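Numbering (our numbering), first residue to last: 420 to 592.
The following block contains the structure:
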């Protein structure tokens with residue numbers, strides 16, 4: 420193989436590798452569903468509340484909340500009207516990690532997400548600074564040892580702001 424052919428082949432392979440990433444970005448940009456556009460592959464939104472915050476907000480029981488696109492196995496259920504997300508949270512004085520899956524409608528600017536197993540619902544709204552506002556209307560899910568309380572029952576849990584975070588902040592599927 421000539422040096423020119425090797426160089427040409429290397430250029431084609433490099434463009435193909437770059438094209439995958441660009442193609443994925445283009446697919447996400449074309450996704451007209453609000454949740455699909457927000458939560459592309461690897462996107463994670465999270466909030467963690469330290470002791471000082473919790474002391475200043477005694478009516479809040481959440482110590483952490485995260486949200487991301489659901490895993491591939493769940494995303495097979497996605498359609499034009501619904502996109503699936505996974506979420507998890509921790510509570511003050513409780514070592515359990517509570518997690519669930521929700522199907523989110525195509526409402527804009529607010530998408531309502533309905534939690535599997537009649538676990539409740541919450542709304543997601545994008546904020547101008549790339550954060551997400553979460554409004555909980557009812558949310559309780561099964562944890563590893565027990566069911567969580569309904570998060571809505573603690574007024575400080577009802578409205579959250581989640582910031583874009585590294586994928587590691589949302590954990591694995």
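For glycine and all other residues, C-beta sits at the position ideal for the given N, C-alpha and C. Predicted model only: the values in this text are computed from it and were never measured.
Assess, as a yes-or-no matter, whether the stretch 491-501 is touched by the stretch 460-480 under the definition of 3 or more beta carbon pairs within less than 8 Å. Segments in contact, no.
Using 10 angstroms around the beta-carbon of residue 556, count the other beta-carbons present and answer buried if the total reaches 16, otherwise exposed. Translated into positions along the chain shown, residue 556 becomes position 137. Exposed: under 16 other Cβ atoms inside 10 Å.
Own chain residues within Cβ distance below 6 Å of residue 524, not counting five before or after: By 1-based counting over the chain shown, the position of residue 524 is 105. Closer than 6 Å at Cβ, skipping near neighbours: 530 and 531.
Can you have a look at residue 511 and say buried or exposed, based on whether 16 or more other CB atoms are within 10 angstroms of its CB? Working through the chain shown from its first residue, we reach residue 511 at position 92. It counts as exposed.
Based on Cα-Cα distance, which residue from 570, 564, 560 and 489 lies nearest to residue 553? Within the chain shown, the letter at position 134 stands for residue 553. Nearest C-alpha to residue 553: 570.
Separation of residue 522 from residue 427, as counted between CA atoms: For the purposes of this step, residue 427 is taken as the residue at position 8 of the chain shown. For the purposes of this step, residue 522 is taken as the residue at position 103 of the chain shown. Note that residue 427 scores 39 on pLDDT, short of 50, meaning its location in the model is unreliable and no value can be drawn from it.
Of all the options 458, 503 and 517, which has the alpha carbon lying nearest to the alpha carbon of residue 482? On the chain shown, position 63 is the one that residue 482 refers to. Here the closest residue by C-alpha is 517.
Status (buried if at least 16 other CB within 10 Å, exposed otherwise) for residue 578: As a first step, residue 578 is located in the chain shown; it is residue number 159 there, counting from the start. Burial call: exposed.
Strand pairing of residue 577, partner residues [DSSP]: Residue 577 sits at position 158 when you count from the first residue of the chain shown. In the DSSP output, where bridge partners are listed per residue, residue 577 has none listed.
Can you list, in chain order, the residues of its chain whose CB lies under 8 Å from that of residue 486, leaving out five sequence neighbours each side? Within the chain shown, residue 486 is the residue found at index 67, counting from 1. Counting only residues of its own chain and dropping the five nearest sequence neighbours on each side, residue 486 has a CB closer than 8 Å to the CB of 458, 463, 464, 465, 504, 505, 506, 543, 551, 553, 581 and 589.
As assigned by DSSP and simplified to three states, the class of residue 494: Numbered from its first residue, the chain shown carries residue 494 at position 75. If DSSP states are grouped into helix, strand and coil, residue 494 belongs with the helices.
On the DSSP letters alone, give me the boundaries of the alpha helix (DSSP H) that residue 474 sits inside. Counting from 1 along the chain shown, the entry for residue 474 is found at position 55. Unbroken alpha helix (DSSP H) run through residue 474: 470-475.
With a 10 Å radius around its C-beta and 16 neighbouring C-beta atoms as the bar for buried, classify residue 448 as buried or exposed. Numbered from 1 along the chain shown, position 29 holds the residue referred to as residue 448. Interpretation of residue 448 is limited by its pLDDT of 46, a score under 50 that renders its predicted location unreliable; no figure is taken from the coordinates.
Taking only three categories from DSSP, how would you classify residue 499? Counted from its first residue, the chain shown places residue 499 at position 80. In this structure, residue 499 counts as coil in the three-state DSSP scheme.
How would you label residue 564, buried or exposed, when you count the other beta carbons within 10 angstroms and need 16 or more for buried? Locating residue 564 in the chain shown gives position 145, counting from the first residue. Residue burial annotation: residue 564 is exposed, with fewer than 16 other C-beta atoms found within 10 angstroms of its C-beta.
Assigned secondary structure, residue 395 (DSSP; H/G/I helix, E/B strand, else coil): There is no way to answer for residue 395, as the model of the chain reaches only from 420 to 592.
Nearest residue (CA-CA) to residue 572, options 508, 480, 461 and 476: Here residue 572 corresponds to residue number 153 of the chain shown, with the count starting at 1. Answer by Cα proximity: 480.
Would residue 540 be called buried (16 or more neighbouring beta carbons within 10 Å of its own) or exposed? Counting from one through the chain shown, the residue named residue 540 turns up at place 121. Under this definition residue 540 is a buried residue.
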